[in-house]
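A.B. asks:
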Amino acid sequence: MANTQKITDEVDVALIGGGVMSATLGAMLRQLEPGWSQVVFERLDAPAQESSSPWNNAGTGHSALCELNYTPEINGKVDITKAVNINEKFQLSRQFWAHQIDNGVLGDPSEFINPVPHISFGQGEDQVRYIKNRFDALREHPLFPGMEYSDDREVFAEKLPLMAQGRAESEKTAISWIDEGTDINFGALSRQFLEASQIAGTEVRYGSEVTSIDRDGAKWKLTVKNLHTGDKQVIRANFVFVGAGGYALDLLRSAGIPEIKGFAGFPVSGLWLRCTNEELIEQHSAKVYGKASVGAPPMSVPHLDTRVIDGQKGLLFGPYGGWTPKFLKQGSYLDLFKSIRPDNIPSYLGVAAQEFDLTKYLISEVMNKFDDRVEALRAYVPDAEGKDWETIVAGQRVQVIKPVGFPKFGSLEFGTTLINNSEGTIAGLLGASPGASIAPAAMIEVLERCFGDRLIQWAEPLKEMFPTYGQKLSEKPELFTEMWDYTQKSLKLEK
39 MANTQKITDE VDVALIGGGV MSATLGAMLR QLEPGWSQVV FERLDAPAQE
89 SSSPWNNAGT GHSALCELNY TPEINGKVDI TKAVNINEKF QLSRQFWAHQ
139 IDNGVLGDPS EFINPVPHIS FGQGEDQVRY IKNRFDALRE HPLFPGMEYS
189 DDREVFAEKL PLMAQGRAES EKTAISWIDE GTDINFGALS RQFLEASQIA
239 GTEVRYGSEV TSIDRDGAKW KLTVKNLHTG DKQVIRANFV FVGAGGYALD
289 LLRSAGIPEI KGFAGFPVSG LWLRCTNEEL IEQHSAKVYG KASVGAPPMS
339 VPHLDTRVID GQKGLLFGPY GGWTPKFLKQ GSYLDLFKSI RPDNIPSYLG
389 VAAQEFDLTK YLISEVMNKF DDRVEALRAY VPDAEGKDWE TIVAGQRVQV
439 IKPVGFPKFG SLEFGTTLIN NSEGTIAGLL GASPGASIAP AAMIEVLERC
489 FGDRLIQWAE PLKEMFPTYG QKLSEKPELF TEMWDYTQKS LKLEK
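For the working numbering, count along the sequence shown from 1 and bump the result up by 38.
#1: Would you mind working out which of 261, 84, 139 and 107 sits nearest residue 48, comparing C-alpha positions?
#2: Does the pairing of the stretch 482 to 498 with the stretch 106 to 122 give three or more beta-carbon distances under 8 Å?
#3: Here's a check: name, in chain order, each residue in its chain whose Cβ is nearer than 6 Å to the Cβ of residue 217, leaving out the five neighbours to either side.
#4: Report the rounded CA-to-CA distance for residue 435 versus residue 470, giving the unit in angstroms.
#5: When DSSP builds the beta bridges, which residues end up paired with residue 244?
#6: Residues in its own chain within less than 6 Å of residue 179 by CB, not counting five upstream and five downstream?
#7: Starting from residue 305, trace the beta strand (DSSP E) both ways and give me its first and last residue.
#8: Do the CB positions of residue 302 and residue 464 come within less than 9 Å of each other?
#9: For residue 234, name the three-state secondary structure that DSSP assigns.
#10: Residues in its own chain within less than 6 Å of residue 300 by CB, not counting five upstream and five downstream?
#11: What are the boundary residues of the beta strand (DSSP E) that residue 411 is part of?
#12: Does DSSP classify residue 323 as helix, strand or coil?
#13: Give the DSSP bridge partners of residue 254, in chain order.
#14: Would you kindly work out how many angstroms separate the C-alpha atoms of residue 57 and residue 400, rounded to a whole number?
#15: Is residue 147 helix, strand or coil by DSSP?
#16: Going by other Cβ atoms of all chains shown within 10 Å of its Cβ, with 16 needed for buried, is residue 39 buried or exposed?
#17: For residue 119, name the three-state secondary structure that DSSP assigns.
#18: Could you give the first and the last residue of the continuous beta strand (DSSP E) run that contains residue 274?
#19: Would you call the CB atoms of residue 99 and residue 402 closer than 9 Å?
#20: So who's on the other strand from residue 187, going by DSSP bridges?
#21: Would you mind sorting residue 151 into buried or exposed? The rule is 16 or more other CB atoms within 10 Å of its CB.
#22: When DSSP labels each residue in this structure, what does residue 49 get in the three-state scheme?
#23: Using DSSP bridges, identify the partner residues of residue 204.
#24: So, are the CB atoms of residue 77 and residue 276 less than 9 Å apart?
#25: Check whether the Cβ atoms of residue 104 and residue 242 lie closer than 9 Å to each other.
#26: For residue 175, which residues in the same chain have their Cβ closer than 6 Å to its Cβ, ignoring the five residues on either side in sequence?
#27: Extract the residue ranges of the beta strand (DSSP E) inside the stretch 340 to 380, only unbroken runs of 3 or more that lie entirely within it.
#28: For residue 463, name the three-state secondary structure that DSSP assigns.
#29: If I measure Cβ to Cβ from residue 202 and keep anything under 8 Å in the same chain, skipping five residues before and after, which residues do I get?
#30: Is the separation between the beta-carbon of residue 245 and that of residue 82 shorter than 9 Å?
#31: What are the partner residues of residue 440, as DSSP defines its beta bridges?
#32: State whether the stretch 371 to 381 contacts the stretch 411 to 429, with contact taken as three or more CB pairs (one from each stretch) at a distance under 8 Å.
#33: Residues in the same chain with beta-carbon distance under 6 Å from residue 224, minus the five sequence neighbours each way, listed in chain order, please.
#34: Kindly indicate which residue of 183, 282 and 266 has the alpha-carbon position closest to the one of residue 456.
#35: Nearest CA to the CA of residue 416: which residue from 404, 109 and 161?
#36: Measuring only the C-alpha atoms, how far is residue 41 from residue 272?
Structure, rendered in structure tokens:
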């Protein structure tokens, strides 16, 4: 039934969710159309408390420098296509952040981005061979400059002392690395963006949950509930972006756009082991990614992860897979069941039949106890002791289930999926990794799909924000080097 409540507010752009996606799109639109009014709705009482929170993600700055799931080995050959594509998108992130710093929108970059080497790790004969093949496939590529490889134990011990201590002499290991990797606090980045947007006139309403979206001619009516008072308001918007993480699926459904028909979501949660021993934390300075277990989703690829959060160095290992029917970490246990509709039941059933390995993996992970997790950690830190680590809950992710035809009916997607209506008046982002790292590239896609008629008049400011917009840096090594040097300087990442 259409919403008949009285309109209490009018706005050009409504952004749902106070995380990095809404914050990024808001910043871009503020530059492109400074006269447009914007409002951000966030159900929690502070920004970036869900997927953008630094303790809810790895903060790797996914540029595919070390993540092995982006370089699958097919018939003995390493396919780098996905890695190159993600790296291209991450370069746009660096350009946008650098531009925003240069123009006073963002403040001190060390609050949200810091240099941390990215290392790929293989153990055992098969993995060592793969790490070498991957290195050979990437070493000459323009977007992966300075990549190095070694299977020498002394080099391993020098680069990764914490991982070398107590390791059996007979174990074969190999690493490849790029020292110019980064660690990113997407929570701090989101806060800086939103604080700047408020200064520029954007209203940010915390404790405000959008419960439904209804069409109102060419516009949209959002019913918004104040979670502290229970009061409801109806806001009319010309354009709506749903950056609400796992809740994006149901909000897009409530809008009734045909493009969301058949889509479903599969929630996956996770746990980290967080180091509590300062001496151990100081011994490790890298993001080290290994191979995933059979059946594990890409977001569960194991990594020993140096973090820099609020000026403090930390160390995580994981994530360990888990399961809950919630679509947000601070969501409801009914989320999954409420998302089931007649049109997406075939998608759910199709994936249930196909993803037996994933189901088996999640069951085994849920059954694991703390000692089991510490034992898994010892593949990376052989001398690990439980007394030096604590368990923390990672963020909740909702993997996209895309409707497909017979015989599969549903396909479980592990990337991000943008949904928008044909008129370009509403859009939303579903999915997980690489997510926050490529938020600017994802939001460029929103602009292209929803504001295509304005791209010509936006050409100049877009080029200012993204100097290489529309070009492939992988085909222009000199331009890549120029942009790399520029962003290294603006982001204060130079050695």
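Even for Gly, the Cβ is constructed at its ideal location relative to N, Cα and C.
C.D. replies: In short:
#1: Closest by alpha carbon: 261.
#2: Counting Cβ pairs under 8 Å, fewer than three are found: no touch.
#3: When the five nearest sequence neighbours on each side are left out, the beta carbons in the same chain lying within less than 6 Å of the beta carbon of residue 217 are those of 155, in order along the chain.
#4: Each residue's alpha carbon lies about 6 Å from the other.
#5: In the DSSP assignment, residue 244 is bridged to 80.
#6: Closer than 6 Å at the Cβ level, and outside the excluded window around residue 179, lies no residue.
#7: It spans 302 to 313 - the beta strand (DSSP E) in which residue 305 sits, taken as one unbroken run.
#8: Taking C-beta atoms as the reference points, residue 302 and residue 464 fail to come closer than 9 Å.
#9: Secondary structure at residue 234: helix, using DSSP grouped into helix, strand and coil.
#10: 381, 382, 385 and 441, listed in sequence order.
#11: In the DSSP assignment, residue 411 falls outside any beta strand (DSSP E) and within the unbroken alpha helix (DSSP H) covering 408 to 415.
#12: The three-state secondary structure of residue 323, taken from DSSP, is coil.
#13: Residue pairing of residue 254 in beta bridges, as defined by DSSP: 257.
#14: Approximately 27 Å between the Cα atoms of the pair.
#15: Here residue 147 sits in helix by DSSP.
#16: Reliability of the predicted coordinates at residue 39 is poor, the pLDDT of 41 falling under 50, and the value obtained from them is presented with this limitation in mind. Classification for residue 39: exposed.
#17: Helix, per DSSP.
#18: Counting along the chain, the unbroken beta strand (DSSP E) around residue 274 starts and ends at 270 to 280.
#19: With contacts defined by Cβ atoms closer than 9 Å, residue 99 and residue 402 do not form a contacting pair.
#20: Per DSSP, 214.
#21: By the 10 Å Cβ count, residue 151 comes out buried.
#22: Note: residue 49 maps to strand in three-state DSSP.
#23: Per DSSP, none; premise fails for residue 204.
#24: Going by C-beta atoms, residue 77 is not nearer than 9 Å to residue 276.
#25: Their beta carbons are not under 9 Å apart, which means residue 104 does not touch residue 242 by this criterion.
#26: Non-local C-beta neighbours of residue 175 in its own chain, meaning closer than 6 Å and more than five positions away in sequence, comprise 116 and 118, ordered along the chain.
#27: Complete beta strand (DSSP E) runs here, min 3: 341 to 347 and 350 to 360.
#28: Residue state, collapsed to three classes: coil.
#29: Cβ within range, chain order: 191, 194 and 195.
#30: Yes, the Cβ-Cβ distance between residue 245 and residue 82 is below 9 Å.
#31: Looking at the DSSP assignment, residue 440 forms a beta bridge with 449.
#32: Touching, no, given that fewer than three Cβ pairs across the two stretches are closer than 8 Å.
#33: The residues are 58, 90 and 474.
#34: Checked all of 183, 282 and 266; the closest Cα to residue 456 is 282.
#35: Nearest option by C-alpha distance: 161.
#36: Residue placement at residue 41 is flagged as unreliable, the pLDDT there being 46, under the threshold of 50; a coordinate-derived value is accordingly withheld.
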